[in-house]
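Undergrad:
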Amino acid sequence: MERAQPPTARTIIKMSQTVLVTGGAGYVGSHTIIELLNAGYNVICVDNLCNAFSEKDSLPESLKRVQEITGKTVGFYAVDLKDKAALTAIFKKVSASSPFQIESV
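Taking full-length UniProt numbering, I'd label the letters of the sequence shown as residues 1 to 105.
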């Protein structure tokens, strides 16, 4: 297995401006996302939707409202945190030079 190269200063700055919020489709998570977006962060939400309303293959209603309130886009992945492979794929997708490897959850 090839090891990821260390992130550059530019990558670290970009990564520090993006926040991954778990459970972001719920009440507390969605309100946290509003504050993060208003503070200028990019937000990626990972939620298994066990406590959220969503049409099939659609953004959860709470995140639609977050986008309406803030006028900003929220990245969303309907994934359970116990799914290591899916989380690793998300990290790789959002940061091509991501050093993250999910070892244990």
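Even for Gly, the Cβ is constructed at its ideal location relative to N, Cα and C. All figures in this text were calculated on a predicted structure; none of them were measured in a lab.
Identify whether G24 lies in helix, strand or coil by the three-state DSSP scheme.
TA: Note: G24 maps to coil in three-state DSSP.
Undergrad: Tell me which same chain residues have a C-beta within less than 7 Å of the C-beta of T70, skipping the five on either side of it?
TA: The residues are I34, L37 and N38.
Undergrad: Here's the rule I'm using: 16 or more other beta-carbon atoms within 10 Å means buried, otherwise exposed. How should I12 be labelled?
TA: For I12, the predicted structure reports a pLDDT of 48, less than 50, and the residue's modelled location is therefore unreliable. A value from the coordinates is still provided. I12 comes out exposed.
Undergrad: Less than 8 Å between the CB atoms is what I'm expecting for Q17 and Y41, so what's the real figure, rounded?
TA: Going by Cβ atoms, the distance from Q17 to Y41 rounds to 6 Å, so yes, they are a contact pair.
Undergrad: Contact between the segment 87-94 and the segment 50-66: three or more CB pairs below 8 Å?
TA: Cβ pair count under 8 Å is below three, so no.
Undergrad: Counting C-beta neighbours from all protein chains within 10 Å, is the total for D80 16 or more, i.e. buried, or is it exposed?
TA: By the 10 Å Cβ count, D80 comes out exposed.
Undergrad: Put F76 into one of helix, strand or coil per three-state DSSP.
TA: In the structure shown, F76 sits in a strand (DSSP, three-state: E or B).
Undergrad: Near I44, which residues of its chain fall below 8 Å by C-beta distance, leaving aside the five closest residues on each side in sequence?
TA: The answer, listed in chain order, is T18, V19, L20, V21, V74, G75, F76, Y77, I90 and V94.
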